[in-house]
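In my numbering, the protein residues as written are 11 to 183.
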């Protein structure tokens, strides 16, 4: 129960930061995608199932408050969380390379899917412009924020795991 409350608070705070503070602190109209960082980080730290659920709820928040269609972002973020969860066996807390690669590729894939669904299917074929003015700047901004936010998420996850282990030992005795 404690994990669920903490995850809810993390998602709520990052959603509020993404939709308020980082809208003001944007560069050329581009802000970081904090929810992708959360989904990817908890996906490969905790596994496919938790990545799927966190992705679903983060996407549902985006759909309800910012999206045009209900369920589009929920489905996309759910897949991103599930795919990142497949890398749980390769997760080592000391290694920053894998999280950076997974978060960066998740951000790029997410933006490419959004481009395909929102623009290409409506007949807007300015891919190079969208790639250079939206996808790459958001990728760079997200990677800079990832360096700081990932370690905070890692420490929170480790303290939650320690608390769960202490409770399990207490119940075994």
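No residue lacks a Cβ here, since even glycine has one placed at the ideal position from N, Cα and C.
Residue closest to residue i, alpha-carbon to alpha-carbon, out of the options
{"i": "residue 97", "options": "172, 12, 58", "result": "58"}
{"i": "residue 147", "options": "64, 15, 37", "result": "37"}
For residue i, three-class secondary structure by DSSP
{"i": "residue 129", "result": "coil"}
{"i": "residue 25", "result": "helix"}
{"i": "residue 18", "result": "helix"}
{"i": "residue 120", "result": "helix"}
{"i": "residue 136", "result": "coil"}
{"i": "residue 76", "result": "coil"}
Counted within 10 angstroms of its Cβ, other Cβ atoms place residue i as buried (16 or more) or exposed
{"i": "residue 132", "result": "exposed"}
{"i": "residue 50", "result": "buried"}
{"i": "residue 126", "result": "exposed"}
{"i": "residue 116", "result": "buried"}
{"i": "residue 237", "result": "Lying before the first or after the last residue shown, residue 237 is absent from the chain, which here runs from 11 to 183."}
{"i": "residue 22", "result": "exposed"}
{"i": "residue 74", "result": "exposed"}
{"i": "residue 76", "result": "exposed"}
{"i": "residue 156", "result": "buried"}
{"i": "residue 152", "result": "buried"}
{"i": "residue 109", "result": "buried"}
Residue(s) in a DSSP beta bridge with residue i
{"i": "residue 37", "result": "40"}
Check: residue i C-beta below 7 Å from any heavy atom of the ligand NAP
{"i": "residue 150", "result": "Of ligands this structure carries none, so the ligand NAP is not represented either."}
Pairwise C-alpha distance: residue j and residue i
{"i": "residue 26", "j": "residue 72", "result": "11 Å"}
{"i": "residue 140", "j": "residue 176", "result": "49 Å"}
{"i": "residue 12", "j": "residue 30", "result": "27 Å"}
{"i": "residue 123", "j": "residue 87", "result": "11 Å"}
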